[in-house]
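All residue numbers for the sequence shown refer to the numbering used here, where the first residue is 4 and numbers rise by one.
From the three backbone atoms N, C-alpha and C, an ideal C-beta is built for every residue, glycine too.
A quick note: this is a predicted structure, and the numbers were derived from the prediction, not measured.
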Amino acid sequence: MTSQLAALNQWVDEVARLTQPDRIHWCDGSDAEARALNALMVERGDLIALNEKTHPNCFLHRSSKSDVARVEHLTLVCTPEREDAGPNNHWMAPADARAKIDALFAGCMRGRTLYVVPYCMGPIDSPISRCGVEITDSPYVVANMRIMTRMGAAALARIEREGAFVKGLHSTGELDPERRFIMHFPQELTIKSYGSGYGGNALLGKKCHALRIASHQARSEGWLAEHMLIVGIQNPQGQTHYVAAAFPSACGKTNLAMLIPPEGHRQAGWKVWTVGDDICWMTPGADGRLWAINPEAGFFGVAPGTSNKTNPNALAMLGHDTIFTNVGVTADNQPWWEGLPDGVPVKDWQGRDYDPANGPAAHPNSRFTVSARQCPSYSPHTEDAQGVPISAIVFGGRRESLVPLVFEARDWTHGVLVGAAMASETTAAATGAVGVVRRDPMAMKPFCGYNYGDYFAHWLSFDKAGAKLPKVFHVNWFRKGADGKFLWPGFGDNLRVLEWMLQRVDGSAGAEESPIGNLPNAADLDLAGLGLQPQQVEELLRVDVEGWQREIGEIGAYLDSYGSHTPAALHRERQRIADALEGCRETA
Ligand code: GTP
Ligand code: SPV
Ligand code: MN
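As structure tokens, then:
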């Protein structure tokens with residue numbers, strides 16, 4: 004098969020000449036194609052069929068043990084000028100980068116099939132959606148892209164109609180970490196990824212296209228491509244407010260997007276609607292509000308910690324038609340990970356007999372890939388062409404100390420500073436040390452495709468005449484007490500914090516001003532039935548003035564690291580807070 008679009012055929016020919024595949028397969032996205040691919044992968048040992056009774060049409064994939072997470076040190080943004088990529092990205096000159104990676108691609112598909120994967124990010128008929136084509140030699144990538152995007156014939160038809168698409172070239176190569184690069188060429192709308200079969204390194208529609216390339220396009224076109232969940236919160240009066248929240252990788256987006264209200268709230272009539280769990284594209288509407296779509300069609304979620312207690316909606320959707328990557332298995336071939344209350348693992352994620360001495364049964368970054376349609380709380384408005392209007396933007400990190408449970412920014416400029424000043428403990432979602440606090444503005448450190456200083460300026464630019472911008476908040480579900488335990492119950496109970504935010508949006512809840520922003524008084528939060536000690540609540544809502552003075556100093560140094568790219572308004576806003584903290588200490 005070929006396409007009606009000459010540019011696409013030409014590119015496929017060019018890639019085939021370079022990579023020398025035995026066969027070329029254009030993916031149509033049909034059920035028959037998916038079944039045939041799954042059968043092929045089972046035969047080759049790339050997939051293991053799981054228990055057909057308990058988990059119909061579910062498969063386990065074990066990735067190479069040195070290929071289990073994103074590789075930030077091998078991920079490059081190749082703009083003509085180094086400064087445009089910014090100190091937040093690894094950079095290489097485009098010509099050098101191309102030469103380096105094309106040498107790896109030369110002949111790499113000999114003996115393999117080249118799959119052409121047309122996909123659409125966002126509802127297939129939405130004007131906000133964007134298309135791409137991924138060329139890959141990995142059937143596992145094809146199977147995942149089919150779940151995670153609108154993939155196949157309909158996407159190809161749109162691409163032929165529009166004549167434009169992002170080009171993504173991927174090969175698993177030898178899965179050798181020494182021969183691995185994830186390169187982005189924003190000027191050419193091109194991605195080249197070699198040597199990894201894992202998640203964000205290989206499913207090019209996701210982080211590579213929908214964040215790194217899209218953030219570039221969003222900047223020049225006046226919209227935002229963000230690492231955010233989108234959730235609808237319906238109150239007992241029947242009104243639904245949509246919230247977009249940016250938390251770094253493995254810091255709670257999937258869980259918040261699918262939360263089940265606490266019992267009392269459920270009985271009172273609160274409902275939660277899942278729109279997206281990882282990526283959000285936001286565009287100003289004619290009414291001045293920001294409207295958001297989820298460009299994805301599935302969830303690539305963290306398995307460990309997912310249980311009927313923490314995230315029942317997720318567990319409910321994982322019972323069929325799911326690909327599990329790097330989890331353990333039980334004796335009767337059911338998927339297993341740490342945090343499940345039942346079941347006993349007999350094999351670990353590497354396929355060895357399970358032995359606690361070797362570490363956890365499931366890799367800490369083991370994942371499930373599942374269609375969003377299988378989520379019980381999936382919002383029908385996810386398919387709306389114009390998206391959903393956003394009432395609140397939430398930033399958050401994993402901070403065991405200092406950062407209170409929640410605070411509200413006083414205005415948009417303060418909100419942008421709050422996002423730019425985010426920091427979080429690192430997780431297993433990327434290779435490298437876990438638990439180290441690092442700056443991760445707007446949860447985009449690994450994903451912003453251009454200079455962070457320019458990105459902050461772009462965020463500020465939305466504050467203009469006629470704009471009806473969302474309120475901005477910051478949360479921290481991960482504060483720990485002296486005993487090392489989480490102070491806040493988290494998960495479903497996070498709705499109690501969202502409830503306060505939405506009352507702030509409506510103007511019906513109280514708050515106490517502080518130098519870092521507005522915090523709820525204990526009485527402003529519905530904490531009924533939680534059994535929290537008053538000291539615990541006080542600790543969760545306390546502003547540690549000296550600790551924040553240190554933090555605000557570090558934020559200053561961080562903003563300085565982007566030199567003249569950092570907008571002056573952010574420096575001024577930071578200084579205002581530093582002065583307020585100083586004033587606070589003097590009166591104390
Ligand atoms: P990516 O897919 O990597 O972008 O991550 P994510 O932000 O969607 O993270 P996810 O919701 O999968 O959460 C990752 C981990 O955080 C899991 O182990 C969860 O159990 C844990 N977690 C999520 N929400 C909470 C919470 O409210 N409190 C606590 N203590 N842990 C949480
Ligand atoms: C993340 O790391 O933020 C993820 C998983 O959502 S990946 O697709 O690997 O980027
Ligand atoms: Mn993510």
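The C-beta distance from Gly304 to Met154 rounds to 19 Å, too long to meet the 8 Å contact threshold.
Thr430 and Asn368 have their C-alpha atoms some 9 Å from each other. Chain-ordered, the residues whose CB falls short of 5 Å from any heavy atom of the ligand MN come out as Ser252 and Asp281. With a cut-off of 8 Å on Cβ pairs, the region 79-92 is not in contact with the region 138-146, counting fewer than three such pairs. Remark: the shortest separation between the CB of Gly322 and any heavy atom of the ligand SPV does not fall under 6 Å. Beta bridge pairing from DSSP links Ala485 with no other residue. When the Cα atoms are used, Leu498 and Asn521 turn out to be separated by approximately 18 Å.
Residues of the same chain with a CB within less than 7 Å of the CB of Gly495, apart from the 5 flanking positions on each side, are Leu262, Ile263, Pro264 and Pro265 in chain order. For Trp276, the beta-bridge partners assigned by DSSP are Gly235. When the Cα atoms are used, Pro537 and Leu544 turn out to be separated by approximately 11 Å. Distance from the C-beta of Phe303 to the nearest heavy atom of the ligand SPV is below 6 Å.
Cβ atoms of Ile580 and Ile519 come within 8 Å of each other, at about 7 Å.
Shortest Cα-Cα distance from Arg133 to any of Leu159, Lys274 and Gly566 involves Leu159. Per DSSP, Val347 lies in no beta strand (DSSP E) and is assigned neither H nor E. Taking 6 Å as the cut-off, the C-beta of Ala431 does not count as close to any heavy atom of the ligand SPV. For Val397, the closest alpha carbon among the candidates Gly422, Glu36 and Trp491 is that of Gly422. Spanning the alpha carbons of Ile296 and Thr152 requires a straight line of approximately 13 Å. Counting C-beta atoms within 10 angstroms of its own C-beta, Leu501 has 16 or more neighbours from the protein chains shown and is therefore classed as buried. Residue state for Lys474 is assigned as strand, using DSSP reduced to three classes. By the CB criterion at 7 Å, Ser394 and His230 fall outside the cutoff. The shortest C-alpha to C-alpha distance from Arg482 to any of Lys448, Ala446, Leu405 and Gln506 is the one to Leu405.
For Gly493, the Cβ falls inside the 6 Å cut-off from some heavy atom of the ligand GTP. Secondary structure at Cys123: strand, using DSSP grouped into helix, strand and coil.
The alpha helix (DSSP H) runs of length 4 or more contained entirely in the region 22-65 are, from start to end of the chain, 34-47. Secondary structure of Arg164 (DSSP, three-state): helix.
Rounded to the nearest whole angstrom, the CA to CA distance from Val71 to Arg115 is 23 Å.
Counting the other CB atoms within 10 Å of its CB gives Phe489 a total below 16, which places it among the exposed residues. Between the region 335-351 and the region 54-61 there are three or more inter-stretch CB-CB distances shorter than 8 Å, so the stretches are counted as touching. Between the alpha carbons of Pro307 and Asn314 lies a distance of about 11 Å. A residue is called buried when at least 16 other Cβ atoms come within 10 angstroms of its Cβ; Glu181 does not meet this threshold and is exposed.
Nearest Cα to Tyr455 within the set Arg575, Thr569 and Ala375: Thr569. Runs of the beta strand (DSSP E) lying entirely within the region 514-573, each at least 3 residues long, are 515-517 and 520-522 in chain order. For His212, the CB contacts under 6 Å within the same chain, skipping 5 residues up- and downstream, are Gly135 and Val169 in chain order.
Taking C-beta atoms as the reference points, Val278 and Ile233 count as a pair closer than 7 Å.
Taking every protein chain shown into account, the CB of Glu428 has 16 or more other CB atoms within 10 angstroms, so this residue is buried.
Within the model, the alpha-carbon separation for Ala514 versus Lys474 is close to 14 Å.
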